[in-house]
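> For the protein sequence lines, the chains are A and B, in the order given.
Our numbering puts the first residue of the first sequence at 1, with every later residue one more than the last.
Our numbering puts the first residue of the second sequence at 1, with every later residue one more than the last.
Where is the CB? At the ideal position from N, CA and C, for every residue including glycine.
Computed from a predicted model, the values in this text were never measured in an experiment.
The structure that follows is given in the form of structure tokens.
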Amino acid sequence: EAGVVQSPRYKIIEKKQPVAFWCNPISGHNTLYWYRQNLGQGPELLIRYENEEAVDDSQLPKDRFSAERLKGVDSTLKIQPAELGDSAVYLCASSLFRGVETQYFGPGTRLLVL
Amino acid sequence: SQQGEEDPQALSIQEGENATMNCSYKTSINNLQWYRQNSGRGLVHLILIRSNEREKHSGRLRVTLDTSKKSSSLLITASRAADTASYFCATDAGGGADGLTFGKGTHLIIQP
């Protein structure tokens, strides 16, 4: 069974540029999460989807971040415009459905904003 | 915000020794999980312990949970070089309904 797929793995951009990250969860997993992990820290939740519905986006900086999961399968997280402080690893995770505790993580996208 | 706080922040031991790392958290939980992260990779789920459990084993892993002290420990026995990684505790207050809240992690180095 394929795991959670994320692309790109690495991205280097200049500040004020837009950037997008893509995630394809494990097949059949209804719940999808985006986390941000700063250097030396644990991941922090940005947004959680149940199918195509964003059910918890309280930690998403909405002035510059947006996310979508149009068909309830793969998802895109966008930053526009990027700031220096956005440099981090962006992790996507999925779980079978709400109430199943174990989350499966992708390898992450490492973003560097110059 | 970080819920858990792992201790120590870094740990270096010889191969074959046991490694113990601790986690403290702040609010009531439904369960507590431990994840491992190898350098430059995503997190891998190791073990889950529910709030009504006190101890759980999985292979060379032993996890304890003390809800009165809001703390947990992860013991890795007979450590191997491949155990070198960062270990994070993560709390789940909503029974899988919400995202996980992670600590800052313990960086474990196993020296051959």
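So, do the stretch 70-86 of chain B and the stretch 28-37 of chain A have three or more beta carbon pairs nearer to each other than 8 Å?
no
> Please check if any C-beta of chain E sits within less than 8 Å of the C-beta of A/PRO43.
Here chain E cannot be found, since the structure's protein chains are A and B.
> Taking all protein chains shown into account, do 16 or more other C-beta atoms lie within 10 angstroms of the C-beta of A/GLN103, making it buried, or fewer, making it exposed?
buried
> Less than 8 Å between C-beta atoms, sequence neighbours within five positions excluded: which residues of the same chain meet that for A/ARG9?
PRO107, GLY108, THR109 and ARG110
> Taking only beta-carbon positions, decide if A/ARG36 is within less than 8 Å of chain B.
Not an interface residue.
> Using 8 Å as the limit for Cβ to Cβ distance, is A/PRO25 near chain B?
No, its Cβ sits nowhere closer than 8 Å to a Cβ of chain B.
> Going by DSSP, name the residue or residues bridged to A/TYR33.
According to DSSP, A/TYR33 bridges with A/ARG48 and A/ALA93.
> Within this structure, are the beta carbons of B/PHE102 and A/PRO61 separated by less than 8 Å?
no
> Return the Cβ separation of B/GLN76 and B/ASN18 in integer angstroms, given the expectation that the two are a contact with Cβ distance under 8 Å.
Per the sequence shown, residue 76 of chain B should be read as Ile rather than Gln. Confirmed, Cβ separation roughly 7 Å.
> Strictly below 7 Å CB to CB, what residues from chain B border A/PHE105?
GLY42 and LEU43
> Which residues in the same chain have their Cβ closer than 6 Å to the Cβ of B/ASN52, if we skip the five residues on either side of it in sequence?
none
> Could you tell me which of A/GLY40, A/VAL113 and A/ASN24 sits nearest to A/GLN80, measuring between CA atoms?
A/VAL113
> Excluding the 5 residues preceding and the 5 following B/GLN9 in the sequence, name in chain order all residues of the same chain whose CB lies nearer than 6 Å to its CB.
none
> Strictly under 8 Å for the Cβ-Cβ distance: is B/LYS104 near chain A by that measure?
yes
> B/LEU65 lies in the beta strand (DSSP E); which residues open and close that run?
61-66
> With 8 Å set as the bound, which would you pick, yes or no: does the beta-carbon of A/THR109 sit closer than that to a beta-carbon of chain B?
no
> Suppose you measure from the CA of A/LEU96 to the CA of A/SER58; what does that come to, to the nearest Å?
Distance between A/LEU96 and A/SER58, taken at the CA atoms: about 22 Å.
> Quick one: what's A/ILE12 bridged to in DSSP?
A/LEU112
> What residues of chain A sit near B/ASN52, judged by a beta carbon separation below 7 Å?
Under the 7 Å cutoff, chain A gives no residues; its nearest Cβ is about 14 Å from B/ASN52.
> For B/ASP83, name the three-state secondary structure that DSSP assigns.
helix
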